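Below is one structure; the comments refer to it alone.
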Amino acid sequence: MLEKLKDRVYRQNILLVKHGLVVLTWGNVSAIDREHNLVVIKPSGVDYDAMTADDMVVVDLDGNVVQGEKRPSSDTPTHLYLYKTFADVGGIVHTHSTYATAWAQSGRSIPPYGTTHADFAFGDIPVTRSLTKAETEIDYESNTGKVIAEAFRDNDISRLPAVLVKNHGPFVWGDTPEKAVQNAVVLEEVAKIAALTEAIGGKGNRVDDALLKKHFDRKHGANAYYGQPQSCGIREN
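Be aware that the sequence shown starts at 281, since it is given in this note's numbering, and climbs by one per residue.
Below you can see the structure in the form of structure tokens.
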């Protein structure tokens with residue numbers, strides 16, 4: 281069942297290690313098959329070195345295991361909440377990558393200080409509110425999805441492909457699991473550059489709105505012209 285998708289999700293989980301976004305067994309990648317409303321996700325607490333594609337767990341949108349011998353990631357309810365809320369999301373990544381997590385722990389959004397950020401996201405990478413005591417004690421992982429969704433009531437997920445869960449870490453998405461992992465890599469670099477910018481003394485030196493729009497639109501806008509025409513293959517950022 282969903283063997284090709286399981287292999288893709290496995291490979292993207294392994295890439296988290298390659299890109300230095302996870303240590304030990306932390307982090308997870310998932311993908312959804314919208315035709316069958318099934319999600320493939322990394323198993324909980326399994327070492328990346330020992331993991332295989334066959335270890336990926338298939339769950340339905342209610343969290344019931346449809347296929348797999350292992351327990352799915354403890355973050356599965358968060359992934360499912362986001363898939364049910366945002367129809368255009370095809371893959372989700374959660375990590376505790378150093379710089380993005382540091383911004384999350386500070387409770388601050390990541391400001392757009394330059395064109396590197398603008399190439400990736402149209403505005404600040406938002407941070408969620410804190411979960412309440414009740415939300416933490418009951419249905420914690422689902423409520424994590426809830427506060428992420430709340431942060432996007434006035435934001436467009438297609439223009440802001442990441443969020444910082446306050447005191448926790450980043451969740452990132454894309455239309456495919458491959459794109460979600462790519463976005464997680466870029467988010468960490470953007471978080472690092474922003475932290476260094478503030479350390480040097482550049483806090484408050486936000487990119488001009490016109491330059492922000494120019495760089496975002498040339499990659500992601502209706503008339504984007506960065507890269508090669510899509511008829512030649514998948515356009516890479």
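Think of the CB as a built atom: it goes at the ideal place given N, C-alpha and C, for glycine as much as any other residue. This structure is a prediction, so every number in the text was calculated from the model and none was measured.
Best match in the options for proximity to residue i [C-alpha to C-alpha]
i           : options               : result
residue 284 : 500, 306 and 311      : 311
residue 347 : 322, 484, 447 and 393 : 322
residue 428 : 367, 402, 388 and 443 : 443
residue 316 : 340, 404, 345 and 503 : 340
residue 331 : 349, 345 and 314      : 349
residue 343 : 507, 501, 454 and 419 : 419
residue 377 : 287, 453, 478 and 448 : 448
residue 287 : 294, 307, 298 and 333 : 333
residue 313 : 367, 445, 388 and 417 : 367
residue 501 : 416, 306 and 401      : 401
residue 308 : 476, 355, 403 and 410 : 355
residue 475 : 282, 293, 371 and 392 : 392
residue 410 : 382, 403, 445 and 417 : 445
residue 351 : 364, 324, 365 and 300 : 324
residue 452 : 300, 365 and 371      : 371
residue 383 : 369, 291 and 478      : 478
Beta-carbon spacing of residue i, residue j below 7 Å
i           : j           : result
residue 357 : residue 438 : no
residue 328 : residue 425 : no
residue 338 : residue 318 : yes
residue 303 : residue 296 : no
residue 373 : residue 461 : yes
residue 380 : residue 441 : no
residue 408 : residue 431 : yes
residue 335 : residue 345 : no
residue 386 : residue 406 : no
Start-to-end residues for the beta strand (DSSP E) that takes in residue i
i           : result
residue 380 : Segment 378 to 386 is the alpha helix (DSSP H) holding residue 380; no beta strand (DSSP E) there.
residue 339 : 337 to 340
residue 445 : 442 to 445
residue 450 : 449 to 454
residue 346 : 345 to 347
Collapsed DSSP secondary structure at residue i in the structure displayed
i           : result
residue 308 : strand
residue 295 : helix
residue 285 : helix
residue 513 : Confidence at residue 513 is low in this model, with a pLDDT of 42, below 50, so its placement is unreliable and no value can be given for it.
residue 318 : strand
residue 425 : helix
residue 400 : coil
residue 506 : coil
residue 432 : coil
residue 334 : helix
residue 368 : coil
residue 497 : helix
residue 300 : coil
residue 313 : strand
residue 290 : helix
residue 439 : coil
Residue i, enclosing alpha helix (DSSP H) - first and last residue
i           : result
residue 357 : 356 to 365
residue 462 : 457 to 480
residue 374 : Not the alpha helix (DSSP H): residue 374 falls in the beta strand (DSSP E), residues 371 to 374.
residue 483 : Residue 483 -> no alpha helix (DSSP H), and no H or E assigned at all.
residue 415 : 413 to 417
Residue i: CB within 6 Å of a non-hydrogen atom of the ligand GTP
i           : result
residue 294 : Ligands displayed in this structure: none; no statement on the ligand GTP is therefore possible.
Inspect the CB distances between the segment 494 to 505 and the segment 383 to 403 and report whether three or more fall short of 8 Å.
-> Yes, they touch.
Would you check if there are 3 or more beta carbon pairs closer than 8 Å linking the segment 454 to 470 to the segment 482 to 493?
-> Flag = no, the segment 454 to 470 and the segment 482 to 493 do not touch.
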